[in-house]
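Residues 816 to 1193, numbered by the numbering used here, are exactly what the sequence shown covers, in order.
All residues carry an ideal CB built from backbone N, CA and C; glycine is no exception.
As the structure is a computational prediction, the values presented were derived from the model and not from experiment.
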Amino acid sequence: MENNHSYMPTLDVLRAFSIIPVVFLHTSSSEFATKYVGYLGSYGVLLFFCISGFLLSYLAFEEIKKNGYFHVRAFYMRRLLRIWPNYFLYIILINVFLLTNPDVTNWFLELFLSVFFLGNLLNSIHPFVEGVPHGSIYFNILWSLAVEEQFYLFFPVILALFTKNKFRTIIIACIGIAIVITGLRYYLIQLGLQLNYSKPYWPGIAFQTNTYFDIILFSVFLGYVKSTFKYKLSQKYTKMSLFSLVIIFVLLSFFFFRNLTYLEAKYSLGFIGMGIILGLITYLSSFMDINKKKIVSKIFISIGKQSYGIYLFHIPISLILSAVTYKVNIVVPFFTVWVFIISYMFSLFLYKYYEVHFRKIRTKHLPASTYALTKKSL
């Protein structure tokens, strides 16, 4: 049966499954981890986008049903108070580090772009325009936050599209946008192949906001469906469907798309398909009931709640841990596991003693009739 409460613990579990391979992808030197676990990390951020689009959409349409309107200012204040505290803390800490280790050529340019949530701009342009520098390891991690913040600018317009048109018109519009963006991805691949620059051109596609717009839009559509039609799915049907989608995802990931070139697999043929599968997994997971008292559930839910902090801080933590172990001349077994644990503990510390102050402020910017609806989810 459908859970009528907005908090969906299964989405936190999905976030946990998203962040684990991302950390492996960025920090592991193991060939096995990079080849198999890390490969899934390339889809981890895509799943984050699916979860974000779905949940924000569902809550927005629930708010519209209760209030008769969508409170745009409150939406932006909630997002600001959720994203900005850790985001700008990261920027402050990384710049303090760079003051003592100034090894970024375009430090001030990257800092300027990151402050205005344009951290994906350099890598988006670099492969296609000679002379434009690429981003550094210290600021590259902010690209996905830039994509998400840029998408928020369009969110009220998208809500208007959904609320002021018939269901058939919405479907046609979504399909049209997906076709245009898929075509743009393919064009950029061909453009990159034609250029003779001695540098990889895939970041020009991977870091662009438009690359993910259709996938996020599909997740917004699924949030609209969940809120509008109130389907009731049995647990048996939901589990069977989820299991089938996960199997399809794994088979496509490892036995089909991996045999194509990297760009064809991720950004041309496979990207829209994998995004749809991950969106459907997100949608079906929202109907799942899990026992939150089980220790395994508690662990994954907790990891999911801290996934944003883990994502932001695992790179600097891995750099610091590497520097310390190198200086004292020791080898740390299971390096990636330790990076993950330390990142989780640091994120949990921030959640309890730093973010709590912003959460209190955030509740003041929730419409009164939807406070109970959103206090756990946002």
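Got a sec, what are the start and stop residues for the alpha helix (DSSP H) residue i sits in?
i            : result
residue 953  : 952 to 955
residue 1143 : Counting along the chain, residue 1143 falls outside any alpha helix (DSSP H), and DSSP gives it neither H nor E.
residue 1168 : 1150 to 1168
residue 838  : 824 to 842
When you compare only the Cα positions, how much space is there between residue i and residue j?
i            : j            : result
residue 868  : residue 1145 : 43 Å
residue 826  : residue 920  : 39 Å
residue 863  : residue 1092 : 13 Å
residue 955  : residue 861  : 16 Å
residue 1234 : residue 833  : Nothing about residue 1234 can be read from this structure; the chain reaches only from 816 to 1193.
residue 888  : residue 855  : 36 Å
residue 950  : residue 976  : 35 Å
residue 1000 : residue 1110 : 43 Å
residue 912  : residue 922  : 12 Å
residue 843  : residue 837  : 10 Å
residue 883  : residue 942  : 46 Å
residue 1059 : residue 1090 : 16 Å
residue 1048 : residue 898  : 33 Å
residue 1127 : residue 910  : 14 Å
residue 822  : residue 953  : 33 Å
residue 896  : residue 969  : 19 Å
residue 1051 : residue 1099 : 12 Å
residue 1035 : residue 916  : 42 Å
residue 982  : residue 940  : 37 Å
Could you name the residues of the same chain whose beta carbon sits closer than 6 Å to that of residue i, not counting the 5 residues immediately before and after it, in chain order?
i            : result
residue 1115 : 828, 831
residue 1103 : 825, 1053
residue 1038 : 869, 872, 873
residue 1118 : 831
residue 1003 : 1020
residue 1140 : 1147
residue 971  : 887
residue 1057 : 1099
residue 1151 : 839, 842, 843
residue 835  : none
Leaving out five residues before and five after residue i in sequence, what residues of the same chain have Cβ atoms less than 8 Å from its Cβ?
i            : result
residue 879  : 885, 974, 978
residue 1113 : 1107
residue 1154 : 838, 842, 1129, 1132, 1133, 1136
residue 980  : 988
residue 925  : 919, 934, 937, 950, 951, 953, 954
residue 1171 : none
residue 993  : 1029, 1032, 1033, 1087
Comparing the CB of residue i with every heavy atom of the ligand NAP, is any distance shorter than 7 Å?
i           : result
residue 914 : This structure does not include the ligand NAP; it has no bound ligands of any sort.
Looking only at its chain, what residues have a beta carbon closer than 7 Å to the beta carbon of residue i, apart from the 5 residues adjacent to it on each side?
i            : result
residue 804  : Here the chain covers residues 816 to 1193 and nothing more, so residue 804 does not appear.
residue 1095 : 1060
residue 1006 : 943
residue 1043 : 876
residue 996  : 1025, 1028, 1029
Give a yes or no on whether the minimum CB-CB distance between residue i and chain C is below 8 Å.
i            : result
residue 1167 : This model lacks chain C altogether, as it is built from one protein chain only.
In chain order, which alpha helix (DSSP H) runs of at least 4 residues are fully inside the region 1042 to 1130?
1050 to 1070, 1085 to 1100, 1110 to 1120
Inset, instruction - Would you check if the region 952 to 968 and the region 987 to 998 touch, i.e. whether three or more CB-CB distances between them fall below 8 Å? - result: no
* Taking three-plus beta-carbon pairs below 8 Å as touching, is the region 1054 to 1070 in contact with the region 1021 to 1034? -> no
Would you be able to state if there are at least three C-beta pairs under 8 Å between the region 900 to 917 and the region 926 to 940?
yes
- Item | At least 3 beta-carbon pairs within less than 8 Å: the region 1127 to 1137 vs the region 1145 to 1162 | yes
| query | Which runs of the alpha helix (DSSP H) fall wholly inside the region 915 to 988 and span at least 4 residues, in chain order? | reply | 922 to 930, 936 to 940, 952 to 955, 958 to 978
Practice problem: Quick one: which unbroken alpha helix (DSSP H) runs of 4-plus residues sit fully inside the region 862 to 895? Chain order, please. | Solution: none
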